[in-house]
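Novice:
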Amino acid sequence: MTELSKKSDGGLIARRYASEKRFRMYGVFALSLTTVFLAVLLADIVWRSLPAFTQYHAVLNVMVDPSKVEASNPAAGDFEGIVKDAWRGQFPSVQSRADRRLLTSLLSNAAGGELRRRVIADPSLIGKDVTVPLLLSDDADLFLKGLSTGVERSDGKGPLQIRSDGENFFLSGQGLNPGQIVLADGGAFKIAPEGDASPAEVIVAPGSTAEVGEGKWQLLTFDAAQDTRKIGDREAVWLEMLREKGIMKREIAWNFFLNGDSREAEQAGILGSILGSLMVVFVTVAVSLPIGVAAAIYLEEFAPKNRLTEIIEVNINNLAAVPSIIFGLLGLAVFLGFFGMPRSVPLVGGLVIALMSLPTIIIASRAAVRAVPPSIREAALGVGASKQQAVFHHVLPLAMPGIMTGTILAVASAIGETAPLLLIGMVAFIVDIPTGFLDTATVLPVQIYLWSDLPEKAFEARTAAAIVVLLLIMLILNAFAIYLRKKFERRW
Amino acid sequence: MNMIFFLLLCLLVLGTYYAGRQRAAGMRNGTTLLHSLPNYHGLLLGTAALLVGLFVYAALASAMPAIAPWAALAAAAASAYAFFTKISPDFRARNLFERITLGLLVACSAVAILTTLGIVLSVLFETGRFFKEVSVFEFFTGLRWAPTGTPPVFGFIPLLAGTLLITLIAICVAGPLGLLSAIYMAEYATPTTRSIFKPVLEMLTGIPTVVLGFFAALSVAPFVRNSGEFMGLAVSSESALAAGLVIGMMLIPVISSLSDDVINAVPQSMRDGSYAMGATKSETIKRVILPAALPGIVSAFILAVSRALGETMIVVMAAGLAANLTANPLSSVTTMTVQIAMLLVGDHEFDSAKTLAAFALGFVLFIFTLILNFIALRLVQKYKEQYD
């Protein structure tokens, strides 16, 4: 019998089982690929964001010149001038106008901010020496983080001879190539394009002309030619020499969390857009939660089963699937065009997002109200409560955790909404931190969109960092919703 | 002024509530019973004051801003007083209050309808003005889209082609991956695997599109371009492929969660019947479950298509602005949503054909998605009726 079946089978069973296994593998493959997508997405964004969370400062000892800051009115003091002088003081040999300007460009144009803050807080510092961190420009910061053009620093091999004929310097040593920069004895030279037989370009004059021993001098080699880099040879040398002196400190970039937007990457922050987002979300919840819950209660508990109710239900389901940009058109035409509300304000943004998240909240609230068993209503009606008393005193409190969970999830997705806000003008460049619902403001996702468009490389990291903050906020909200659901979940 | 008005109105509402409650409570004694609890008398007075005050204020605010707050407060106080004099043991305050509450509930449910009406009317109105300037025929058959040119040309076909191309790429990615994921999650996955992959899919749903757009523009697009160059193909830096791939990624959870639901809704008896005939699990899935769940799966695909058509941020950031009429996924195309955003970001003059064109595009998009959603909902309903 068994032999017979084996013969007639012809390997069919084996083929069917192989096909079964294959089909199963397709499923595993699809899920793994999705997971890989998500992992790559998150890893990519977190990786890109890391540089934005730290920032290089030059910590210098600065003399607060009483001629530049008056004790009676320290806020009007020329702090930028003070820190620029201190900065230039690091390289007394840099004299030409062009070079001085180049040197100053390594500082942010808000470099004196920290000094200003300290002196205003404590005017007795005027006339004294203060050690303050100076904010560097975004290009200098990227260079020090090793993120702009690749630069390799290596120890020189063998001794290096520095000769001077009074005007020009000549270098000779092993492994010197044209374009390389030699750091030796407090000085810096660029090897001429013709090689080390021609005079080397002096960037910083050396302390002496003598033989420099092995290991006491270094070579800087760049990946790209000078004119394709943001940081040229001179700037690179200055930054490297200051780094060697221990002046450059990498610190947490509080700027990023405490500033509004800015055209300068090193000063741009997300505080303004986070406050804008909070205001928009506040308006959204204040409008859509009461309306949504009321609509859900009506449809679930009071509405007669008729044509109108059916239309409302179909309508809510359809509204939930309308593309978000259409709500932007609605906001533009109705709130801005018809009612004449101002552009770019959180109030209008909140109203538009409220209309958008209304269907979600209604659907979630209806599910929560429906989940309360009929026995609760019947018991309330049985002891003489009116229909409304039964609903508002008994059903609604029991449905509240479910409603809150649904609302938090709706808020979490509302925080990430961008497209409709573009249309009602929340894309403006706004430096000031918004203080009211009628102030022009932007929101975090729109800030991300705006920054992602900018050409400066430093903004790329800021964009990714803003995304990390946005995702964290959403994660916290979702975790809170899950906690609520777990805590108040009830089996009837 | 506004703040003071609302503060005063709040105080008035609280005061009338308290006054009504106290007066009703004072009438209750050992022999007289009240029809309504004192609380309801107070609530009735407070609600009347609030609604009348807000209504009068809203009616007068634009016409006579100077006297509106005072008139509103006076009207609120008067209406509360009218009810105050009516308070008696027989006064049916609860019934009246409940009728007002019901009216408010109905009004709140009407907001959803008003929103739809607002969308349709505003978009329709501006679209009508657009078609006064540009002929309908020219718009729907034109092969060139150049809204900023002189003279501007509004030909819709390249936008439609671009939108459909990106949607097609997205569905090619999300369709198989989403469906296979759903089948695995519904039929094969153990509770442990489910608890690993479900959060993954949920997280993917929650990621804002602006984040996906950043990823598409900065990571996927260069990757696509480099791999294309490696294979000797000319790839535009803003290719339809990159945007489509990322939209597809976004749609995987849309398709998988909806399909998961419908597969789970197929009655167990159908599976058991198939197993009893000697079918393997995959044969059961392919020959019994999928055909049975087909309407639901089709509706999941339709909803995904509708999401892809309306997706804005990913295409704004990763697809181009150039309206090329092409079927080549490696070239740059533009979509309806990109053009809406680009035409309306910046200065608005409501009378230029440029901004009106955005509303016309919005109208077309709205109609497209409405039809798709309607079909999908009907399919699911029919399907549910079949097995309920």
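Protein chains in written order, with my numbering: chain A, -1 to 490; chain B, 171 to 558.
All C-beta atoms in this analysis are idealised placements derived from N, C-alpha and C, irrespective of residue type, glycine included.
Computed from a predicted model, the values in this text were never measured in an experiment.
Can you list, in chain order, the residues of its chain with a C-beta nearer than 7 Å to that of Ser260(A)? Leave out the 5 residues immediately preceding and following it.
Specialist: Looking up residue 260(A) in the first sequence gives position 262. Contacts found: Ala266 and Val429.
Novice: If the cut-off is 8 Å on Cβ atoms, which residues from the stretch 297 to 311 of chain B count as contacting chain A, listed in chain order?
Specialist: Correct list: empty, as no residue qualifies.
Novice: Could you give the residue range of the beta strand (DSSP E) that holds Lys188(A)?
Specialist: As a first step, residue 188(A) is located in the first sequence; it is residue number 190 there, counting from the start. Gly185 to Lys188 is the span of the beta strand (DSSP E), which, as asked, contains Lys188(A).
Novice: Across the stretch 296 to 303 of chain B and the stretch 272 to 280 of chain B, are there enough close Cβ pairs to call them in contact, namely three or more that are closer than 8 Å?
Specialist: Short answer: they don't touch.
Novice: Please classify Gln386(A) as buried or exposed, where buried requires at least 16 other C-beta atoms within 10 Å of its C-beta.
Specialist: As a first step, residue 386(A) must be located in the first sequence, where it is residue number 388. Buried.
Novice: Between which two residues does the alpha helix (DSSP H) containing Asn434(B) stretch?
Specialist: Taking the first residue of the second sequence as 1, we reach residue 434(B) at position 264. Unbroken alpha helix (DSSP H) run through Asn434(B): Ala410 to Ala435.
Novice: In angstroms with no decimal places, state the Cα-to-Cα distance between Gln556(B) and Leu313(B).
Specialist: Taking the second sequence and counting its residues from 1, the one referred to as residue 556(B) is at position 386. Taking the second sequence and counting its residues from 1, the one referred to as residue 313(B) is at position 143. Each residue's Cα considered, the two are about 45 Å apart.
Novice: Pull up the distance between the alpha-carbon of Phe435(A) and that of Ile413(A), whole angstroms please.
Specialist: To locate residue 435(A), count along the first sequence from 1; it is residue 437. To locate residue 413(A), count along the first sequence from 1; it is residue 415. Straight-line Cα distance between these residues: approximately 16 Å.
Novice: Can you give me, in chain order, the residues of the stretch 442 to 476 of chain B that have a beta carbon less than 8 Å from any beta carbon in chain A?
Specialist: From the stretch 442 to 476 of chain B, only Thr450, Lys451, Ser452, Glu453, Ile455, Lys456, Leu473 and Ser476 have a Cβ closer than 8 Å to chain A.
Novice: Which residues mark the beginning and the end of the alpha helix (DSSP H) in which Asp127(A) is found?
Specialist: On the first sequence, residue 127(A) is found 129 positions in, with the first residue counted as 1. Element bounds for Asp127(A): not the alpha helix (DSSP H) but the beta strand (DSSP E), Asp127 to Leu133.
Novice: Evaluate Lys188(A) with the Cβ neighbour count: other Cβ atoms within 10 Å of its Cβ, from every protein chain shown; 16 or more gives buried, anything less gives exposed.
Specialist: Residue numbering aside, residue 188(A) sits at position 190 when the first sequence is read from its first letter. Label assigned to Lys188(A): buried.
Novice: Is the Cβ of Tyr24(A) closer than 9 Å to any Cβ of chain B?
Specialist: Here residue 24(A) refers to the residue found at position 26 of the first sequence. Closer than 9 Å to some Cβ of chain B, the Cβ of Tyr24(A) qualifies, so yes.
Novice: At a CB-CB cut-off below 9 Å, which residues of chain B make contact with Glu18(A)?
Specialist: Locating residue 18(A) in the first sequence gives position 20, counting from the first residue. Neighbours of Glu18(A) on chain B, chain order: Thr450, Lys451, Ser452 and Glu453.
Novice: Leaving out five residues on either side along the sequence, give the residues of the same chain with a beta carbon under 7 Å from the beta carbon of Ser196(A).
Specialist: Reading the first sequence from its first residue, position 198 is the one you call residue 196(A). Hits under 7 Å: Ala190.
Novice: Taking buried to mean at least 16 other C-beta atoms within 10 Å of its own C-beta, is Asn253(A) buried or exposed?
Specialist: Numbered from 1 along the first sequence, position 255 holds the residue referred to as residue 253(A). Looking at its Cβ environment, which holds 16 or more other Cβ atoms inside 10 Å, Asn253(A) is buried.
Novice: Between the Cα of Ile471(A) and the Cα atoms of Asp97(A), Leu273(A) and Gly348(A), which residue gives the shortest distance?
Specialist: Within the first sequence, the letter at position 473 stands for residue 471(A). Among Asp97(A), Leu273(A) and Gly348(A), the Cα nearest to that of Ile471(A) is on Leu273(A).
Novice: For Thr416(A), go through chain B and note every residue whose CB falls closer than 8 Å to its CB, in chain order.
Specialist: Taking the first residue of the first sequence as 1, we reach residue 416(A) at position 418. Residues of chain B passing the Cβ test: Pro378, Thr379, Val380, Thr482 and Met483.
Novice: Nearest to Leu36(A) by CA position, among Ser501(B), Ile377(B) and Ala246(B), is which residue?
Specialist: Here residue 36(A) refers to the residue found at position 38 of the first sequence. Selected option, being the one with the closest Cα: Ile377(B).
Novice: With distances taken Cα to Cα, identify the nearest neighbour of Phe175(B) among Ser249(B), Ala231(B) and Pro361(B).
Specialist: Here residue 175(B) refers to the residue found at position 5 when the second sequence is read from its first residue. Here the closest residue by C-alpha is Ala231(B).
Novice: Below 8 Å on C-beta distance, what does Ile433(B) contact in chain A?
Specialist: As a working note, residue 433(B) is residue 263 in the second sequence. Per Cβ cutoff of 8 Å: no residues; Ile433(B) is ~12 Å from chain A at best.
Novice: State the start and end residues of the unbroken alpha helix (DSSP H) segment that holds Asn253(A).
Specialist: Position 255 of the first sequence, counting from 1, holds the residue named residue 253(A). Element bounds for Asn253(A): Trp252 to Leu256.
Novice: Between Gly196(B) and Leu215(B), what straight-line distance do the alpha-carbon atoms span, to the nearest angstrom?
Specialist: Walking along the second sequence from the start, residue 196(B) turns up at place 26. Walking along the second sequence from the start, residue 215(B) turns up at place 45. Those two C-alpha atoms are separated by around 16 Å.
Novice: Between which two residues does the beta strand (DSSP E) holding Leu436(A) run?
Specialist: As a position in the first sequence, residue 436(A) is number 438, starting the count at 1. Counting along the chain, Leu436(A) falls outside any beta strand (DSSP E), and DSSP gives it neither H nor E.
Novice: DSSP state of Ile428(A), grouped into three classes?
Specialist: Looking up residue 428(A) in the first sequence gives position 430. Looking at Ile428(A) - three-state DSSP - the assignment turns out to be coil, as it is neither helix nor strand.
Novice: So which residues of chain B does Val180(A) contact, with C-beta pairs closer than 7 Å?
Specialist: Along the first sequence, read from residue 1 onward, the residue named residue 180(A) stands at position 182. Those do not exist, as Val180(A) stays about 36 Å from chain B at its closest Cβ, beyond 7 Å.
Novice: In chain A, which residues lie with their C-beta within 9 Å of the C-beta of Thr217(B)?
Specialist: To locate residue 217(B), count along the second sequence from 1; it is residue 47. Near Thr217(B) there are no residues of chain A at all, since even the closest Cβ is about 13 Å away, more than 9 Å.
Novice: Give the residues of chain B in contact with Arg14(A), contact being defined as C-beta atoms less than 8 Å apart.
Specialist: Translated into positions along the first sequence, residue 14(A) becomes position 16. Those are Thr450 and Glu453, listed as they occur along chain B.
Novice: Taking the alpha carbon of Pro259(B) as the point to measure from, which residue in Gly319(B), His211(B) and Lys554(B) has its own alpha carbon closest?
Specialist: Taking the first residue of the second sequence as 1, we reach residue 259(B) at position 89. When each option's Cα is compared against that of Pro259(B), the closest is His211(B).
Novice: Please list, in chain order, all residues of the same chain as Glu112(A) whose beta carbon is under 6 Å from its beta carbon, the five residues on each side excluded.
Specialist: Counted from its first residue, the first sequence places residue 112(A) at position 114. Contacts found: Val130 and Pro131.
Novice: Strictly below 9 Å CB to CB, what residues from chain B border Asn313(A)?
Specialist: Walking along the first sequence from the start, residue 313(A) turns up at place 315. Going along chain B in sequence order, the residues near Asn313(A) (Cβ under 9 Å) are Ala282, Ile283, Thr285 and Thr286.
Novice: Along the chain, where does the alpha helix (DSSP H) containing Asp136(A) start, and where does it finish?
Specialist: The sequence position of residue 136(A) within the first sequence is 138, counting from 1. That run of the alpha helix (DSSP H) goes Asp136 to Leu142.
Novice: Kindly indicate which residue of Ile484(B), Arg264(B), Asn199(B) and Ala252(B) has the alpha-carbon position closest to the one of Ala387(B).
Specialist: Residue mapping note: residue 387(B) aligns to position 217 of the second sequence, counting from 1. The shortest C-alpha separation from Ala387(B) is found at Ile484(B).
Novice: Looking at chain A, which residues of the stretch 259 to 278 of chain B have a Cβ within less than 9 Å of any of its Cβ atoms?
Specialist: Flagged, chain order: Arg264, Asn265, Phe267, Glu268, Thr271, Leu272, Leu274, Leu275, Val276, Ala277 and Cys278.
Novice: Leu514(B) and Ala331(B): beta carbons closer than 9 Å?
Specialist: Mapped onto the second sequence, residue 514(B) falls at position 344. Mapped onto the second sequence, residue 331(B) falls at position 161. No, these two residues do not count as a Cβ contact at 9 Å.
Novice: In three-state DSSP terms, what is Ile465(A)?
Specialist: Your numbering for residue 465(A) matches position 467 in the first sequence. Looking at Ile465(A) - three-state DSSP - the assignment turns out to be helix.
Novice: What did DSSP end up calling His55(A) once you bin it into helix, strand or coil?
Specialist: Numbered from its first residue, the first sequence carries residue 55(A) at position 57. In this structure, His55(A) counts as strand in the three-state DSSP scheme.
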